[in-house]
Structure formats: structure tokens, C-alpha cells
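Numbering (my numbering), first residue to last: 102 to 453.
The C-beta atom is built at its ideal place from N, Cα and C for all residues, glycine as well.
Just so you know, these numbers come straight off a predicted model, no measurement behind them.
Note sheet for the following structure.
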Ligand code: 9MR
């Protein structure tokens, strides 16, 4: 298949990234009144250890000045909350619509931000025409979708969530249409197709409720170990991390580390924490510290920017409140990214 020529943009985005990073570093040095190294935005702080700090975004909101100011001010990576999913990108067989995703990629490249890809194959948000396919028709649809979408953005995407949420809590495979129609091999077929379509993107498996050593993360661990042993292309595992203030994170870091020890990167891909105040901030801090402690944890993405636009908005789970004010959780993350060297929040006597 001949894909549109987005690939050449990588060079320009790299130039822009260097320029932006340089500016950010200079600004941080000039503005910091405390320790010289503590950067003052999430993105710049993460970048100091070679990591990214990202947010899930919605194309329409990129035109909202308050939203885009918050995004530009603190984040150096974006992912489409919905715009790159199967229902959005291939509403009819072989007929692609890249408009929302293109808007996000263009926005990011103009600012030197990285782009994560989410998600090529998932049991949810499939267009109607896919839901009724069986056997080899479904296989061909899946492979054609991966070729079309990953091919279109080839060279633009840092890491793709190739397969999303294919496991159950007990570590068994989810009995989706993909699993039932295509059998166990469908996940590796998807990864091989993604590698062919975009050899430059890192390829991730992504899931939720994998926030520690548990039967579900065990099942995924076994799959990744098997892929690595047999040379199936996989580069990273995404830990969504949809959490609450009471989440038990006692084995969170150990879980990240055991995956990293298999030879894949790990990424926190959809972080949000229901709650408020210090309890919420503490969970955010623990997640950030865990990522910082695992050298192969390459970055953190929060599943949105502001509580005003969140899939679980009534739980106020994000770093900025509904009026775009930075919350305790924001300062906890910033401080953890700076290894405890951040300035305290305005009007606060000490660290969160
Ligand atoms: O945040 C997304 C929401 O706007 C959509 O309605 C929903 C549809 O299933 O998907 C949400 O994003 C999900 C993500 O793609 C995969 N992990 C769970 C996320 C929250 O449901």
C-alpha cells in the first residue's frame, strides 16, 4: 500500500524538539530561584531524566485557548483519547478518516511534542462493520486496519498501543470477537503487521488493572516473555493506571521492573486517580516515583488535562481542576519528577 508522505516530517519535528527543549531548559535555569536543576513544568522536569510527560487530548479542544495553554505549558507528549481508534479511523471497510488524528499530530509536531498512538486493535470502539465479521474476514480486516492506520502515521508515532485490553483479571485471554474468531495467535499477528507498517514506532501491549503483581499482570508477563523468546516484535508494555486514592501500590514498582527485566520499555499510559487533596496527591506521587526508579520507564501520560474534560470527571481524577488550577496532585508529581527538589506550591509552606 502507498501511504501518504508524513514520514519526512520526523526530521522537522526533531529539529523543533531540540529547539523547544533548549528554550525550556534556558527558561528553567533563568526562572528557578531555588536549586539550579529543578525544572518548573511537568514536561521539562520529565525531560531532565530523558522521559516524557503527556496527556490524552481531544482534537476539538485544541482550539480552546485555555485548554491549549495548559497543554503547551506542561506537557511534551500527547495521545489521542479517541481520535485514532478503529471506529474513528475506518468507519467503513477500507475507507479511512485520519482528520482528528492528523490534527493532533500536526499540533504536536508544531510544538516538538511526541505522539503516542492509541490504539490499533481493541474489542471496544470497533465500527459496526467489524463487529459482525467472522474468521478470515475479521483477520483481513484487522491486518488491513493496522496497515492503513500505522502506515499513514509511520514515522510520526513514538509508540503504538498495538493491542489494548486483551486479558481478563484472572490472567486468561478476554473472550472478544478477536479471540473467538482468530484464536490465540491474533495478538502476535497484530504486532507483526504493526512492525511492517511502521518500523520506527515502538510497539506496546496496553492494559488496565495491572497495577502490581497480580494474576492479570502475570498473564501479560507470560505473553511478553514468550514473545521475546520467539522474536515476536514487542518493545513496550503500557500500564494504564486508572487508580483511586485507596489503590494499593505496594508492588507497583516491582511489577514495572519485572517487565523491564524482560527487555521491554514500560510506560504509564492513562494515569488518573479518583479523589482529592493529599490522598490523591500521594497516589500520583507513588506512581511517579515508581516510574522514576525504573530506568526503562520512559514516561507518563495522564488521561486528560483538566477535571472539566475527563471520562470520570465526577471523580476529579486529573492534575488540573475544572478551572485549570494546579492541584496538590500536580505539585506532588512535579516534585517527584524533580526527585524532591521542586519549589513548594505557591502559598504553601512546604512540599505536598
Ligand atoms: O476516555 C475514553 C472515552 O472518551 C471513551 O468514551 C471510551 C470508550 O470506550 O474510551 C475511553 O478511553 C479508554 C481507553 O481508550 C482505553 N482504556 C480505558 C479508557 C477509559 O475508558
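Option in the options with minimal Cα separation from residue i
| i | options | result |
| --- | --- | --- |
| residue 205 | 233, 156, 244 and 224 | 156 |
| residue 420 | 394, 400, 437 and 381 | 381 |
| residue 226 | 197, 198 and 192 | 192 |
| residue 289 | 351, 145, 281 and 306 | 306 |
| residue 77 | 352, 410, 370 and 414 | Summary: the structure shown does not reach residue 77, with the chain confined to residues 102 through 453, and so no result is reported for it. |
| residue 355 | 383, 142 and 318 | 318 |
| residue 427 | 412, 217, 447 and 236 | 447 |
| residue 277 | 159, 395 and 231 | 231 |
| residue 365 | 243, 255, 295 and 398 | 398 |
| residue 465 | 199, 254 and 182 | Outside the shown range of the chain (102 to 453) lies residue 465, about which nothing can therefore be said. |
Residue i to residue j span [Cα, whole Å]
| i | j | result |
| --- | --- | --- |
| residue 325 | residue 303 | 14 Å |
| residue 435 | residue 259 | 23 Å |
| residue 347 | residue 385 | 11 Å |
| residue 211 | residue 148 | 18 Å |
| residue 195 | residue 250 | 10 Å |
| residue 439 | residue 337 | 24 Å |
| residue 286 | residue 240 | 11 Å |
| residue 202 | residue 245 | 18 Å |
| residue 143 | residue 429 | 14 Å |
| residue 401 | residue 311 | 15 Å |
| residue 174 | residue 168 | 10 Å |
| residue 417 | residue 164 | 23 Å |
| residue 234 | residue 214 | 37 Å |
| residue 145 | residue 177 | 8 Å |
| residue 262 | residue 444 | 35 Å |
| residue 186 | residue 378 | 33 Å |
| residue 433 | residue 387 | 9 Å |
| residue 316 | residue 166 | 44 Å |
| residue 238 | residue 422 | 46 Å |
Contact check, residue i vs residue j, beta carbons under 7 Å
| i | j | result |
| --- | --- | --- |
| residue 298 | residue 252 | yes |
| residue 219 | residue 180 | yes |
| residue 279 | residue 247 | no |
| residue 368 | residue 345 | no |
| residue 360 | residue 320 | no |
| residue 333 | residue 291 | no |
| residue 314 | residue 342 | no |
| residue 425 | residue 407 | yes |
| residue 329 | residue 357 | no |
| residue 188 | residue 228 | yes |
| residue 391 | residue 431 | no |
| residue 437 | residue 370 | no |
As assigned by DSSP and simplified to three states, the class of residue i
| i | result |
| --- | --- |
| residue 292 | helix |
| residue 131 | Legend: pLDDT at residue 131 = 39, less than 50; position of this residue unreliable, no value from coordinates given. |
| residue 345 | strand |
| residue 169 | helix |
| residue 215 | strand |
| residue 196 | strand |
| residue 260 | strand |
| residue 233 | coil |
| residue 180 | strand |
| residue 144 | helix |
| residue 220 | strand |
| residue 158 | strand |
| residue 417 | coil |
| residue 439 | coil |
| residue 307 | strand |
| residue 283 | helix |
Heavy atom of ligand 3 within 6 Å of residue i beta-carbon
| i | result |
| --- | --- |
| residue 329 | Of the ligands this structure carries, namely ligand 1, none is ligand 3. |
Within-7 Å CB hit, residue i to chain B
| i | result |
| --- | --- |
| residue 364 | Reference to chain B is not applicable here, since this structure consists of a single protein chain. |
message: Threshold first: 4 residues or longer. Then list the alpha helix (DSSP H) segments lying entirely within the region 346-409, N to C.
response: You should have 353-361 and 378-394.
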